[in-house]
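Here is the structure we will look at, set down as structure tokens.
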Amino acid sequence: MVSDRLAIETVDLWKRYGDVEALRGVDLQVPAGSICGFLGRNGAGKTTTIKVLLGMARATRGEARLLGQPAGDAAANADIRRRVGFVSDEKDLYDYMTVREMIAFTRPFFPRWRADLEQTYRQKFELPLDREIKDLSRGTRTKVALLLALCRGADLLILDEPTAGLDPAMAEDVLQALVGHVAGEEMTVFFSSHQIAEVDQIADHVAIIDAGRTVLAGPLDDLRERYQRVQLVFAGDAPTVTLLSPGVVRVNRQGRVLTILTRDRDPLMAEVRSLAPVSIDWSPVTLKDIFLESVRTED
Amino acid sequence: MLWQKAWLETRWRFISALVILTLMAGGNVYDYLATQRLLPMLNSTITPPAQGPGLAGVIAEAIEIQKDFRGFIWFQAFKQNLTQMGVLFAVLLGCGGLLSEAKKGSALFTLSLPITRKQLLGVRTATGLAQCFAIAMIPPLIIPVLAPAIGQQFSVIDSLAHGLCLFFVGALFFSLASFLSTMFGDIWRPLLVAFFIACGAAILQVVVPELGLFRVMSGESYFRTGTLPWMGFVTTAVLASALLYSAAETLERRDF
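Order-wise, the sequence lines are chains A and B.
With this note's numbering applied, the first sequence covers 1 to 299.
With this note's numbering applied, the second sequence covers 1001 to 1256.
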């Protein structure tokens, strides 16, 4: 049962393209009002998940809901898109239109179009209104795409790699615009990225996907609090162990060192002591640590 | 706004088609005088018996038909130029759409708009059919306008009737291209497949004249007997509808 408080929910979402399983069980729960970073390596399934959510691709199996409506229902999905702003990873728009025509084309589709924001972003982004889209730089095209998404008066903003291909200064501009916008509006933002720093900078929730599966999801603060890394150093080679404590996410063995990532420190404490290491070192983890540990193949 | 998008995407193809077909139809009017000067020479080189079946018979009939202005226009414009080029332009107008947009990268923006794929295809189809109608009806109408300049007359009703014949079969090829464009993202494969299908239809017409698609398109029955090819209209309309329905279903199932 989908809660009203969830802007996005997927349950065991699978998607196959020919012989390739692009999604192999994606479970997402994005609370309404959150800024959720959707992290994953290139080819992890981020774009495919977004396409399924927006009805651009059909799930092979599983369930996807957007603002409480089934994503797979063509008519319902078209209706939902009235309340969703979207920026694709390529930011490709209609080459043959000018920026002004592009805005004029998009505006009538959205009854809640924010003319005030349109005016604000036209000036803030310094958009060349009479230039054709095909003549714009990638950065300016991103800004046009962002304006078209932000002004829709949407309840949910879905951004696929919003800063991909931008130089750091332009990426920062885009992120700042996004943060500024969200601060003043009641909306949910779901954005995919493989840039951990930018997720860390603006997200309050995170979902990590790897090889088509959700490997981790939750509020960022909660993850930072729960996740701990313990490093055990042994006199000789670290033993090959199967840890029985609940919450163990990943165990890496390298020479004399055994590194364990856990999302529940307490039950693990007694078990690591029983291994009789020379030293035990507990440390908090960063989002980068959580991400890398989550997507790293086990040694 | 979808209408504007469909128009902007196809306007140059449409305008090119309209200009080229109109120039061809107008050119055929002025060709009449030159051809009339050549026909007596041609008559003297074709020796009887040049009747009945066979190539000589076909040539003799072609010469006979083109002796008067109405026959010349039908043979040159409606049976050949406007039919052949009309098929080409109808196919070109039918090419494109979401899959082609996907190649250019803008399909995801289009698909993020609150509209269904059927609405998108519907608007594009309606725009394309309106354009097909214009390129089928306007060029023939230039003929009665220009004919008095060379001392001839051509009925507006005849132009409209032939225009209708061009439209129905043109719409079929447009629908074929629309359907193929839901399977191929480029313009070349729909064009190539449509070309082969047109060649197949031309061969079929030689073998089974009753199934002559291009006889419907040239309005041969109207030229010879004054009767519009109603059965041909119905058949092409049914086939076009089936192709458009298939296009909608294919597009609905496609992943982007």
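From the three backbone atoms N, C-alpha and C, an ideal C-beta is built for every residue, glycine too.
Since we're looking at a predicted model, the values are computed, not measured.
When 8 Å is used as the limit between beta carbons, Gln1131/B is near no residue of chain A, the shortest such separation being about 17 Å. The closest CA to that of Asp264/A, considering only Asn252/A, Trp282/A, Val257/A and Leu275/A, is found on Trp282/A.
Thr1225/B counts as exposed, since fewer than 16 other C-beta atoms from the protein chains shown sit within 10 angstroms of its C-beta.
Per DSSP, Trp1074/B is not a residue of any alpha helix (DSSP H), being assigned neither H nor E. In this structure, DSSP gives Asn252/A an extended state, which the three-state scheme calls strand.
According to the DSSP secondary-structure assignment, Asp281/A is paired through a beta bridge with Gln231/A. By the Cβ neighbour-count rule, Glu293/A is buried, with 16 or more other Cβ atoms within 10 Å of its own.
Sequence-distant Cβ neighbours of Ala145/A in its own chain, meaning closer than 8 Å and more than five residues away, are Val87, Ser88, Lys91 and Leu93.
Apart from the 5 residues on each side of it in sequence, Pro267/A sits with its Cβ closer than 8 Å to the Cβ of Ser245, Pro246 and Gly247 in its chain, given in chain order.
With fewer than 16 other Cβ atoms from the protein chains shown falling within 10 Å of its own Cβ, Cys1199/B counts as exposed. Residue contact check for Glu1210/B against chain A: no CB pair falls below 9 Å. Approximately 7 Å separates the beta-carbon atoms of Leu1121/B and Gly1097/B; this is inside 8 Å, confirming the contact. Per DSSP, reduced to three states, the secondary structure at Lys15/A is strand. When 8 Å is used as the limit between beta carbons, Phe109/A is near these residues of chain B: Met1001, Leu1113, Pro1114 and Ile1115, in chain order. The C-beta of Leu148/A comes closer than 9 Å to at least one C-beta of chain B.
By the CB criterion at 9 Å, Arg256/A and Ala276/A fall outside the cutoff.
Cβ-Cβ distances below 7 Å link Gly165/A to Arg138 in the same chain, with the five nearest sequence neighbours on each side left out; the list follows chain order. Thr1227/B sits exposed, since fewer than 16 C-beta atoms from the chains shown fall within 10 Å of its C-beta. Here Met102/A is buried: its Cβ has 16 or more other Cβ atoms, across all protein chains shown, within 10 Å. For Glu1009/B, at least one C-beta of chain A is nearer than 9 Å to its own C-beta. By the criterion of a C-beta distance shorter than 8 Å, Arg100/A is surrounded in its chain by Leu129 and Asp130, once the five residues flanking it on both sides are discounted. The three-state reading of DSSP puts Pro162/A in coil, since its state is none of H, G, I, E or B.
When DSSP reads this structure, Glu9/A sits in a beta bridge with Gln29/A and Arg65/A. The Cβ atoms of Ala235/A and Leu220/A lie no closer than 9 Å to each other.
When the alpha-carbon of Ser1159/B is set against those of Phe1214/B, Ala1202/B, Thr1236/B and Ala1077/B, the nearest one is in Ala1077/B. Taking every protein chain shown into account, the CB of Asn1081/B has 16 or more other CB atoms within 10 angstroms, so this residue is buried.
Just so you know, the alpha carbons of Ile35/A and Lys1005/B end up roughly 33 Å apart. Ala32/A and Met187/A have their C-alpha atoms some 7 Å from each other. Taking a Cβ-Cβ threshold of 7 Å, none of the residues of chain A is close to Lys1103/B; the smallest such distance is about 10 Å. The region 1124-1135 of chain B and the region 1011-1026 of chain B touch, with three or more beta-carbon pairs separated by less than 8 Å. Taking all protein chains shown into account, Gln228/A has 16 or more neighbouring C-beta atoms within 10 Å of its C-beta and is therefore buried. By the criterion of a C-beta distance shorter than 6 Å, Asp95/A is surrounded in its chain by Ile133 and Lys134, once the five residues flanking it on both sides are discounted. When secondary structure is reduced to three states using DSSP, Pro1144/B falls in the helix class. Cβ neighbours of Gly184/A within its own chain (closer than 7 Å, five residues either side excluded): none. The beta carbon of Glu90/A sits closer than 9 Å to some beta carbon of chain B. Any Cβ of chain B closer than 9 Å to the Cβ of Met97/A would place that residue at the interface, and such an atom is present.
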